[in-house]
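Residue numbers (this note's numbering): 4 to 215. Scroll down for the structure; my scribbles are underneath it.
Here is the structure:
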């Protein structure tokens, strides 16, 4: 699906050239044609960059956290790179709460800050009750997740790949509000601190999808 978007932007660039030719009696100049094509290609490259970063996170992951230096598994996430509902991909989570109930929620990824490992999302409108169980319903709201680069070393439970992530910003009314939030994270000691006063969450790659 994503490759279709890339092709569409390139075709769109040529359509702009064609439209300009039809609307003017003179033949479009070479410089103008190159400008339109360059704009289309730049947009294509930007989308491809987004896709490449999501590929790093794509797949099935078991999640957990550290408390008093002890790792506890707490749920699972699935990251998909296929564009969803005008977004760049999706991040869906199932979390086991302390009361042994299961809470599910879904994020539509709408923007990625490649340089700083930050993705922005909009929470789904469905029956996502994770935050509602704490008395706040954030369906349709925007937020930000920070993550560390994936690695193949030091992963718990013999996982082949892993990374840390922190849901730094939640419950914003718009994407611009989420992006302007100045909350910072620090991944230097992720097992104990750096994420809104707590340690970061852990994601361990898994091929076991029987519980999904």
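Where is the CB? At the ideal position from N, CA and C, for every residue including glycine. Remember, it's a predicted structure, so these values are computed and weren't measured experimentally.
- Annotation: residue 199 to residue 81 spans about 23 Å, alpha carbon to alpha carbon.
- DSSP links residue 126 through a beta bridge to 110.
- In the assembly as shown, residue 172 is a buried residue. Its beta-carbon has 16 or more other beta-carbons within 10 Å.
- It is roughly 7 Å from the alpha-carbon of residue 168 to the alpha-carbon of residue 206.
- Exclusion of the five residues before and after residue 209 leaves 63 and 65 as the residues of its chain whose Cβ lies within less than 6 Å of its Cβ.
- Sorting 176, 156 and 68 by C-alpha distance to the C-alpha of residue 77 places 68 at the top.
- The C-alpha of residue 170 lies about 9 Å from the C-alpha of residue 188.
- Short of 7 Å from the beta carbon of residue 160, and not among the five residues preceding or following it, lie these beta carbons of its own chain, in chain order: 207.
- The Cβ atoms of residue 124 and residue 150 lie no closer than 8 Å to each other.
- Between the beta-carbon of residue 126 and that of residue 110 there is about 6 Å, and that keeps the pair under the 8 Å contact cut.
- In the displayed model, residue 182 falls within a helix according to three-state DSSP.
- Taking C-beta separations shorter than 8 Å and ignoring five residues to either side along the sequence, the partners of residue 176 in its chain run 144 and 145, following chain order.
- Taking 8 Å as the cut-off, the Cβ atoms of residue 147 and residue 164 do not count as close.
- Partner residues in the beta bridge of residue 175, as assigned by DSSP, are 145.
- Excluding the 5 residues flanking it on each side, residue 184 has same chain C-beta neighbours closer than 6 Å at 172, in chain order.
- Rounded to the nearest angstrom, the gap between the Cα atoms of residue 155 and residue 191 is 18 Å.
- Counting along the chain, the unbroken beta strand (DSSP E) around residue 65 starts and ends at 62-70.
- Here residue 162 carries a coil assignment [DSSP, helix/strand/coil].
- Under DSSP, the beta-bridge partners assigned to residue 116 are 121.
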